[in-house]
Amino acid sequence: MVKYYSGFNVFSYLTFRAIVSLLTALFISLWMGPRMIARLQKLAFGQVVRNDGPESHFSKRGTPTMGGIMILTAITVSVLLWAYPSTPYVWCVLTVLTGYGIIGFVDDYRKV
C-alpha cells in the first residue's frame with residue numbers, strides 16, 4: 226500500500242504503533258470494564274474478608290477480583306493487532322504475560 230499512498234508508511238514507525246497500541250488497549254479496557262465487573266459480581270467472584278480482620282476492610286467484601294483477565298485481554302489483543310508477529314520478542318513477552326496471568330488467575334481463584 227505504501228507504493229500507492231505514502232501515508233501508509235506511518236504504520237512502519239515503532240512510535241506510531243506503540244501509541245496506537247496503547248490507545249487500543251485503553252479503549253478495549255474501557256469497553257470491557259463495566260461488562261466484566263457486572264459478570265464477575267453475578268458469578269460471585271468477590272473479595273473475601275475475614276470477620277476477625279480490621280473494620281476498614283469490611284467495605285472490600287464483595288469487590289470483584291480477577292480484573293487481570295480484562296487487562297491481559299486488552300494487552301494481548303492490542304499487541305496482536307499492532308506488533309510485528311515475525312519478531313520473536315513479541316512472542317516471548319506474550320508468553321511471559323500469559324504465564325503471569327495464569328498465576329494471578331489461580332491466586333484469585335483460590336482466594337474465592
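For the sequence shown, the working numbering assigns the number 226 to the initial residue and increments by one for each residue that follows. Using N, Cα and C, we set each Cβ at its ideal position, and we do this for glycine too.
Kindly indicate the opening and closing residues of the alpha helix (DSSP H) around residue i.
{"i": "Phe330", "result": "Pro313 to Lys336"}
{"i": "Met261", "result": "Leu239 to Lys267"}
{"i": "Gly293", "result": "Gly293 to Trp307"}
Between the alpha carbons of residue i and residue j, how many angstroms are there, rounded?
{"i": "Gly329", "j": "Thr323", "result": "10 Å"}
{"i": "Val321", "j": "Phe252", "result": "23 Å"}
{"i": "Leu319", "j": "Ser231", "result": "31 Å"}
{"i": "Ile296", "j": "Ser254", "result": "7 Å"}
{"i": "Arg260", "j": "Gln266", "result": "10 Å"}
{"i": "Thr301", "j": "Thr312", "result": "15 Å"}
{"i": "Thr290", "j": "Asp333", "result": "7 Å"}
Are there 16 or more other CB atoms within 10 angstroms of the CB of residue i, so buried, or fewer, so exposed?
{"i": "Ile327", "result": "exposed"}
{"i": "Ser303", "result": "buried"}
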